[in-house]
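Going by this note's numbering, the first residue of the sequence shown is number 64, and it counts up by one from there. A virtual CB, placed ideally from N, CA and C, is assigned to each residue, including glycine.
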Amino acid sequence: MKRIAIIGAGMSGLTVANQLKEIASVQMFEKSRGVSGRMSTRYADPYQFDHGAQDFTVRDEAFRSFLAPYIKAGILQEWKPKLMLLEKGQIAKARVWSELHYVPVPKMNELCIAMAKEIDVNLNTEITEIEKRHQHWFLKSKDDQTFGPYEWIINTTPAPQAEKLLPASFSGYRHFKKCKMLGCYTLMLAISKPLLWEWQAAIVKNSLISWMALNSNKPGRDDKQTLIVQTDNQWSEDHIDEAILDIQHLILDELNSLLAYDFSSSEYMTTHRWRYADTNQATAVDYHIDDELKLGVCGDWFIKGRIEAAYLSGYKLANSIKQLLS
Ligand SMILES: Cc1cc2nc3c(=O)[nH]c(=O)nc-3n(C[C@H](O)[C@H](O)[C@H](O)COP(=O)(O)OP(=O)(O)OC[C@H]3O[C@@H](n4cnc5c(N)ncnc54)[C@H](O)[C@@H]3O)c2cc1C
Numbered sequence: 064m065k066r067i068a069i070i071g072a073g074m075s076g077l078t079v080a081n082q083l084k085e086i087a088s089v090q091m092f093e094k095s096r097g098v099s100g101r102m103s104t105r106y107a108d109p110y111q112f113d114h115g116a117q118d119f120t121v122r123d124e125a126f127r128s129f130l131a132p133y134i135k136a137g138i139l140q141e142w143k144p145k146l147m148l149l150e151k152g153q154i155a156k157a158r159v160w161s162e163l164h165y166v167p168v169p170k171m172n173e174l175c176i177a178m179a180k181e182i183d184v185n186l187n188t189e190i191t192e193i194e195k196r197h198q199h200w201f202l203k204s205k206d207d208q209t210f211g212p213y214e215w216i217i218n219t220t221p222a223p224q225a226e227k228l229l230p231a232s233f234s235g236y237r238h239f240k241k242c243k244m245l246g247c248y249t250l251m252l253a254i255s256k257p258l259l260w261e262w263q264a265a266i267v268k269n270s271l272i273s274w275m276a277l278n279s280n281k282p283g284r285d286d287k288q289t290l291i292v293q294t295d296n297q298w299s300e301d302h303i304d305e306a307i308l309d310i311q312h313l314i315l316d317e318l319n320s321l322l323a324y325d326f327s328s329s330e331y332m333t334t335h336r337w338r339y340a341d342t343n344q345a346t347a348v349d350y351h352i353d354d355e356l357k358l359g360v361c362g363d364w365f366i367k368g369r370i371e372a373a374y375l376s377g378y379k380l381a382n383s384i385k386q387l388l389s
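Shown next, in the form of structure tokens:
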């Protein structure tokens, strides 16, 4: 069997691994302590927060078929919050989602954990260098370990992180130039007092905040009242290197003013910076393979900053690799 190394264990990387595991010997490398990437869960005992991706929709048939067994097993359930549109100084308006929105249960990382069950994943392993010696690839990690040899490397990290790892001779460099990734901040709050409003999720306009959700309202979550507040991508990008506590104050002030409520004495409060949350421009292709170098690159950023896009990018890349290996 050919040996394939996959860098990054988010939705796109795990999709590639599952597609190729029958025809190749697959090893994954993930810098974090768990799989899921931007679909991770933040643990802050006794609280848990879906601090990255919130939910997802399904439009493509391949994605629908992939999800079917997880829906049947109850790992994915529909989320139907009471949704509002909030705008400063305006009366809140009710909104209805026209499509089904799914969430993994009981927490966001559950789908990727299920996908990783039969995969060899090296966690806490940040790849800092890749090197070709005598037609074979070797990977070096931040803690100076060397892994290899591999026939192929597939990189599934966000574009700016992929660009740093790949050799200048990689034929897909133009895609990095086209892609700009944008940041996002997530404020996580645990609140013991009963909340005074009836909605469970809100799209926010004309504000540094773009989204709020009562995390605890999602199916299968426990009853501790937790709130997620996410910032507008362009605002986040403009403030991407500022001190996290300063950012937290700004978000909190805006939240207090939007909801006319004082969240400063919440039982738990923390803020996470996502440096590469979303992408504002799709590339012209869904993935890129350099057949000569035996290097593949995929990820949501080729298409759109969405879970379905990450799946499709990985799925299509894996199908092309299957053909090359057959
Ligand atoms: C705040 C936020 C809100 C979002 N909301 C939604 C939403 O509501 N609906 C939706 O559909 N999508 C949403 N998304 C987008 C969605 O999460 C992504 O599209 C999807 O998870 C991307 O998957 P991926 O596998 O392409 O990348 P990632 O999930 O980023 O996976 C890449 C992995 O590579 C790892 N990595 C990076 N560098 C290295 C290295 N050098 N060595 C080893 N590992 C490395 C990372 O740790 C990561 O695990 C949101 C994202 C964020 C951040």
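Residue nearest to residue i in terms of C-alpha spacing, selected from the options
| i | options | result |
| --- | --- | --- |
| Leu77 | Met102, His351, Leu315 | Met102 |
| His335 | Leu252, Ile154, Ile366 | Leu252 |
| Pro282 | Tyr331, Trp260, Met171 | Met171 |
| Trp274 | Asn296, Pro257, Ile254 | Asn296 |
| Glu355 | Val121, Pro109, His199 | His199 |
| Asp301 | Met244, Asp285, Leu290 | Met244 |
| Ile314 | Thr209, Leu277, Ala80, Gln293 | Gln293 |
| Leu318 | His114, Glu93, Lys151, Trp142 | Lys151 |
| Trp260 | Ile370, Leu290, Asn343, Ile182 | Leu290 |
| Ile310 | Gly235, Lys143, Arg369, Cys247 | Cys247 |
| His351 | Leu163, Glu141, Thr219, Ala179 | Thr219 |
| Glu162 | Pro144, Leu258, His114 | Pro144 |
| His312 | Tyr324, Asp304, Ile303, Thr333 | Thr333 |
| Ala155 | Ala264, Lys94, Lys135 | Ala264 |
| Thr209 | Lys195, Ala222, Pro221 | Lys195 |
Terminal residues of the alpha helix (DSSP H) in which residue i lies
| i | result |
| --- | --- |
| Ile266 | Not the alpha helix (DSSP H): Ile266 falls in the beta strand (DSSP E), residues 264 to 268. |
| Val360 | Premise fails: Val360 lies in the beta strand (DSSP E), 358 to 360, not in any alpha helix (DSSP H). |
| Gly246 | From DSSP, Gly246 is part of no alpha helix (DSSP H) but of the beta strand (DSSP E) over 244 to 253. |
| Val89 | Note, Val89: premise wrong, no alpha helix (DSSP H); beta strand (DSSP E) at 87 to 92. |
| Arg307 | Rather than Arg, the amino acid found at residue 307 in this sequence is Ile. 307 to 322 is the extent of the alpha helix (DSSP H) around Ile307. |
| Ala372 | 370 to 388 |
| Met74 | 74 to 83 |
| Asn296 | 296 to 301 |
| Ala225 | 222 to 228 |
| Leu174 | 173 to 178 |
Beta strand (DSSP E) segment containing residue i, residue limits
| i | result |
| --- | --- |
| Ile352 | 351 to 353 |
| His238 | Careful: His238 lies outside any beta strand (DSSP E), inside the alpha helix (DSSP H) at 236 to 241. |
| Arg338 | 331 to 342 |
| Arg127 | It is not in any beta strand (DSSP E) - Arg127 instead sits in the alpha helix (DSSP H) that spans 124 to 135. |
| Lys203 | 199 to 204 |
| Leu277 | 272 to 277 |
| Asp183 | 183 to 185 |
Residue i CB to nearest heavy atom of ligand 1 below 7 Å
| i | result |
| --- | --- |
| Gln140 | no |
| Lys243 | no |
| Thr333 | no |
| Thr104 | no |
| Arg284 | no |
| Thr249 | yes |
| Leu219 | This sequence places Thr at residue 219; Leu is not what is there. Within the cutoff, so yes. |
| Gln111 | no |
| Arg101 | yes |
| Asp363 | yes |
| Glu192 | no |
| Asp341 | yes |
| Phe129 | no |
| Lys94 | yes |
| Leu228 | yes |
| Ala347 | no |
| Ser75 | yes |
| Ile307 | no |
| Ala231 | no |
| Arg369 | yes |
| Trp337 | yes |
| Asp118 | yes |
| Gln344 | no |
| Tyr209 | Looking at the sequence provided, one finds Thr at residue 209 rather than Tyr. No, ligand 1 has no heavy atom inside 7 Å of this Cβ. |
| Gly152 | no |
| Glu189 | yes |
| Gly359 | no |
| Ile35 | This structure cannot settle anything about residue 35, because the visible part of the chain is limited to 64 through 389. |
| Ala372 | yes |
| Gln293 | yes |
| Gln311 | no |
C-beta contact flag for residue i and residue j at 8 Å
| i | j | result |
| --- | --- | --- |
| Val267 | Cys175 | no |
| Leu148 | Leu139 | no |
| Val166 | Asp118 | yes |
| Leu308 | Ile272 | no |
| Thr104 | Phe112 | yes |
| Ile193 | Leu380 | no |
| Lys287 | Tyr110 | yes |
| Leu388 | Ala80 | no |
| Leu202 | Ala68 | yes |
| Gln90 | Asp207 | no |
| Ile384 | Ser376 | no |
| Ala56 | Phe233 | Nothing can be reported for residue 56: it is not among the residues displayed for the chain, which extend from 64 to 389. |
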